[in-house]
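J.: I'd like to ask some things about the structure below.
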Amino acid sequence: MASPLDLSSLNLGGVGSSSEASRRESLGQFGRMVSSVRRLLGSRAASEVMNSAPLAEGLKRQALAIMTTRPQDFEGGYARIWLVKNVPEGEVVYAIKAAKKESEGTPSHEIMQNELFREAVALKCLKHPNIVELLGTCQHPSLGIILVQGLMDGSLHELFEELEGIPVTTVHHIGCDVSAGLRFIHHQHLTHGDLQEGNVLYRKEEKGTFSFRIADFGSSSRVGERRPPSGNVYLPPEVSSYWKKQFSAHFVSKPSACTESDVWAFGAMILRLLLVVSPAELGLWISRLARISIEEERETEAQCLERMSGLAVREQKLCREPVPDNLRDWVHGVLRAMSGCLSLRLESRPSIDEVNRRLQDISLRMVSPGKDRGGKQKAE
Ligand SMILES: Nc1ncnc2c1ncn2[C@@H]1O[C@H](COP(=O)(O)OP(=O)(O)OP(=O)(O)O)[C@@H](O)[C@H]1O
Ligand SMILES: [Mg+2]
């Protein structure tokens, strides 16, 4: 009997299985995934990915042993995640990502595999200090695709809990890092498609600073690729049916992936981190900004940003970490840099290059006492 540790690389020629029937089924699934991923990156790049990024033998055996002997640390919508921290000195720490078991209420195994394959293909092309690192992939005959990624300390959700709110200088740092990662993704003619706090990971560096990386590329697409609309509230109106009621007169669903949708999701995430309001209240602020962008509000954008700054300043004072003396300038600066990201009109949204430039400008203008330039705040 083939052992569950008997993994072969993502290379089709190396797919191992216990019987000819399951081997054929595995190849069939793989073929369907390949055709969908071809649309993502083009056939040449997809085949390059399939034949590359194999996991080192030792790491492969270790990862599989962990998956079979220990419960996962996280379970997301599609995937299970194991965090591997206690390795012998000198060995790398890592996170393992594999599809969830198919059961009632989960997407089909094929859909979950497709997402992981998308992620593997995208990450193979996306080597950047602000994008989660792909250490390698392998294909198991029954478990499917397994990804091994660089280990981080958690997502922004966990950071928010740990710090009891995120100080504005750290939000600014998140903005600079995430927009730099997103700019790199967009320059490769790809989109992320699912940007939100759970998909941005942080790490406390030795120097006491934070670093941030974008993760979860299961919804990544090539620009222009057709994608089904989603119900997720944190996605933009052209993608999320959630906004349909709010903007019925202007609602235009856009089934093909575009970089402007990521810019909207980025702006909404920064707003959520600063305002700390309930989803319903956030929805009101976002729709107010959207209505201003189509001139359906009496209030101007500057007035709206001013009111949001007041709210954010109050929230910032509740953070456990110290906030800068020139708190209001920081808050207003970051919110102003986001202006236009939540415009209802795609063509009015700034590019992520522009957003990153605006955020970098704040670093040049503002030096918070006792802190580094660039908002690199001490972690402790
Ligand atoms: N490399 C990593 N290092 C540390 N933690 C990680 C890593 N990758 C994922 N996690 C943790 O696991 C969670 C889920 O990961 P991920 O978003 O990749 O899976 P998912 O199934 O797509 O989740 P969801 O459907 O909820 O978006 C993250 O929010 C994070 O807390
Ligand atoms: Mg996720």
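Take the sequence shown: its letter number 79 is residue 249 in my numbering, and every next letter is one higher. Here a beta-carbon is modelled for each residue, glycine too, at the ideal position from N, C-alpha and C.
Mapping the DSSP letters down to three states, classify residue 548 as helix, strand or coil.
T.: By 1-based counting over the sequence shown, the position of residue 548 is 378. The predicted position of residue 548 is uncertain, since its pLDDT is 43 and thus under 50; no value can be drawn from it.
J.: Is the separation between the beta-carbon of residue 320 and that of residue 248 shorter than 8 angstroms?
T.: Your numbering for residue 320 matches position 150 in the sequence shown. Your numbering for residue 248 matches position 78 in the sequence shown. No. Outside cutoff.
J.: So, are the CB atoms of residue 382 and residue 370 less than 8 angstroms apart?
T.: Working through the sequence shown from its first residue, we reach residue 382 at position 212. Working through the sequence shown from its first residue, we reach residue 370 at position 200. Cβ atoms of residue 382 and residue 370: closer than 8 angstroms.
J.: What alpha helix (DSSP H) runs, 4 residues minimum, are completely inside the region 504-533?
T.: Complete alpha helix (DSSP H) runs here, min 4: none at all.
J.: Leaving out five residues on either side along the sequence, give the residues of the same chain with a beta carbon under 6 angstroms from the beta carbon of residue 250.
T.: To locate residue 250, count along the sequence shown from 1; it is residue 80. Correct list, in chain order: 242, 268 and 270.
J.: Under the criterion of a Cβ to heavy atom distance below 7 angstroms, does residue 439 qualify as lining ligand 1?
T.: Reading the sequence shown from its first residue, position 269 is the one you call residue 439. Not under cutoff, so the answer is no.
J.: Put residue 295 into one of helix, strand or coil per three-state DSSP.
T.: Numbered from 1 along the sequence shown, position 125 holds the residue referred to as residue 295. Here residue 295 sits in helix by DSSP.
J.: Consult DSSP for residue 264 and reduce its assignment to one of helix, strand or coil.
T.: In the sequence shown, counting from the first residue as 1, residue 264 sits at position 94. In the structure shown, residue 264 sits in a strand (DSSP, three-state: E or B).
J.: If you measure from each CB to the nearest heavy atom of ligand 2 and keep those under 6 angstroms, what residues do you get, in chain order?
T.: Result (chain order): 246, 368, 369 and 386.
J.: Tell me whether residue 248, by its Cβ, gets closer than 7 angstroms to a heavy atom of ligand 1.
T.: In the sequence shown, counting from the first residue as 1, residue 248 sits at position 78. Yes, ligand 1 has a heavy atom inside 7 angstroms of this Cβ.
J.: Please classify residue 257: is it buried, with 16 or more other beta-carbons within 10 angstroms of its beta-carbon, or exposed?
T.: By one-based count along the sequence shown, residue 257 stands at place 87. Result: exposed.
J.: Using the C-alpha atoms, what's the distance from residue 448 back to residue 334?
T.: The residue you call residue 334 lines up with position 164 of the sequence shown. The residue you call residue 448 lines up with position 278 of the sequence shown. Those two C-alpha atoms are separated by around 16 angstroms.
J.: Using a threshold of 8 angstroms, state whether the C-beta atoms of residue 306 and residue 229 are closer than that.
T.: Along the sequence shown, read from residue 1 onward, the residue named residue 306 stands at position 136. Along the sequence shown, read from residue 1 onward, the residue named residue 229 stands at position 59. Yes.
J.: Nearest-angstrom Cα distance between residue 457 and residue 311?
T.: For the purposes of this step, residue 457 is taken as residue 287 along the sequence shown, with counting starting at 1. For the purposes of this step, residue 311 is taken as residue 141 along the sequence shown, with counting starting at 1. Spanning the two alpha carbons is a distance of roughly 47 angstroms.
J.: With a threshold of 7 angstroms, establish whether the CB of residue 508 neighbours any heavy atom of ligand 1.
T.: The residue you call residue 508 lines up with position 338 of the sequence shown. Residue 508: no, Cβ never under 7 angstroms from ligand 1.
J.: Under three-state DSSP, which class holds residue 318?
T.: As a first step, residue 318 is located in the sequence shown; it is residue number 148 there, counting from the start. Correct three-state label for residue 318: strand.
J.: Does the beta-carbon of residue 472 have 16 or more other beta-carbons within 10 angstroms, so that it is buried, or is it exposed?
T.: Along the sequence shown, one-based indexing puts residue 472 at 302. When all chains shown are included, residue 472 counts as exposed.
J.: Grab me the residues of residue 566's own chain with a C-beta within less than 8 angstroms of its C-beta, minus the 5 sequence neighbours each way, in chain order.
T.: As displayed, the chain neither begins before 171 nor continues past 550, which places residue 566 out of reach and without an answer.
J.: List the residues that DSSP assigns as beta-bridge partners of residue 224.
T.: Counted from its first residue, the sequence shown places residue 224 at position 54. Paired residue(s): 307.
J.: Output yes or no for whether 8 angstroms exceeds the beta carbon distance between residue 339 and residue 494.
T.: In the sequence shown, the residue the question calls residue 339 occupies position 169. In the sequence shown, the residue the question calls residue 494 occupies position 324. Yes, the pair counts as a contact, with Cβ atoms nearer than the cut-off.
J.: Output the distance between the C-alpha atoms of residue 512 and residue 434, rounded to the nearest integer angstrom.
T.: Residue mapping note: residue 512 aligns to position 342 of the sequence shown, counting from 1. Residue mapping note: residue 434 aligns to position 264 of the sequence shown, counting from 1. C-alpha separation (whole angstroms): 5 angstroms.
J.: Residue 408 to residue 227, Cα distance in whole Å?
T.: Locating residue 408 in the sequence shown gives position 238, counting from the first residue. Locating residue 227 in the sequence shown gives position 57, counting from the first residue. Roughly 44 angstroms separates the two Cα atoms.
J.: Roughly how many angstroms separate the alpha carbons of residue 400 and residue 529, rounded to a whole number?
T.: Your numbering for residue 400 matches position 230 in the sequence shown. Your numbering for residue 529 matches position 359 in the sequence shown. Taking the straight line joining both Cα atoms gives about 29 angstroms.
J.: So what does residue 254 bridge to, in DSSP terms?
T.: Along the sequence shown, read from residue 1 onward, the residue named residue 254 stands at position 84. Bridge partners of residue 254: 264.
J.: Could you check if residue 321 belongs to the surroundings of ligand 1, using beta carbon to heavy atom distance under 7 angstroms?
T.: Taking the sequence shown and counting its residues from 1, the one referred to as residue 321 is at position 151. Within the cutoff, so yes.
J.: DSSP three-state label for residue 412, please.
T.: Position 242 of the sequence shown, counted from the start, is the residue given in the question as residue 412. Residue 412: helix per DSSP, three-state reduction.
J.: What number of angstroms, rounded off, separates the C-alpha of residue 411 from the C-alpha of residue 517?
T.: Stepping through the sequence shown from its first residue, residue 411 is reached at position 241. Stepping through the sequence shown from its first residue, residue 517 is reached at position 347. Taking the straight line joining both Cα atoms gives about 20 angstroms.
J.: Contact defined as beta carbons within less than 8 angstroms: I believe residue 391 pairs with residue 438. What is the distance between those atoms, to the nearest angstrom?
T.: Your numbering for residue 391 matches position 221 in the sequence shown. Your numbering for residue 438 matches position 268 in the sequence shown. No, residue 391 and residue 438 are not in contact; Cβ-Cβ is about 19 angstroms, not under 8 angstroms.
J.: In or out: residue 519 buried (at least 16 other Cβ within 10 Å) or exposed?
T.: The sequence position of residue 519 within the sequence shown is 349, counting from 1. With 16 or more Cβ atoms within 10 Å of its Cβ, residue 519 is classed as buried.
J.: Hey, how far is the Cα of residue 246 from the Cα of residue 240?
T.: Locating residue 246 in the sequence shown gives position 76, counting from the first residue. Locating residue 240 in the sequence shown gives position 70, counting from the first residue. Going from the Cα of residue 246 to the Cα of residue 240 covers about 17 angstroms.
J.: In chain order, what residues of the same chain lie with their CB nearer than 7 angstroms to the CB of residue 479, ignoring the 5 residues before and after it?
T.: In the sequence shown, counting from the first residue as 1, residue 479 sits at position 309. Around residue 479: 498, 501, 502 and 505.
J.: Considering only their Cβ atoms, is the gap separating residue 352 from residue 432 smaller than 8 angstroms?
T.: Walking along the sequence shown from the start, residue 432 turns up at place 262. Walking along the sequence shown from the start, residue 352 turns up at place 182. Contact flag set, yes.
J.: Given a cut-off of 8 angstroms on the beta-carbon distance, is the pair residue 459 and residue 341 in contact?
T.: For the purposes of this step, residue 459 is identified with residue 289 of the sequence shown, where counting begins at 1. For the purposes of this step, residue 341 is identified with residue 171 of the sequence shown, where counting begins at 1. Contact flag unset, no.
J.: Can you name the start and end residues of the alpha helix (DSSP H) that residue 461 belongs to?
T.: As a working mapping, residue 461 is identified with position 291 in the sequence shown. Looking at the DSSP string, the run of the alpha helix (DSSP H) that includes residue 461 is 449-463.
J.: Which word fits residue 360, buried or exposed, when buried means at least 16 other C-beta atoms lie within 10 angstroms of its C-beta?
T.: Here residue 360 refers to the residue found at position 190 of the sequence shown. Label assigned to residue 360: buried.
J.: Does the beta carbon of residue 382 fall short of 7 angstroms from some heavy atom of ligand 1?
T.: Your numbering for residue 382 matches position 212 in the sequence shown. Incorrect: residue 382 has no Cβ contact closer than 7 angstroms to ligand 1.
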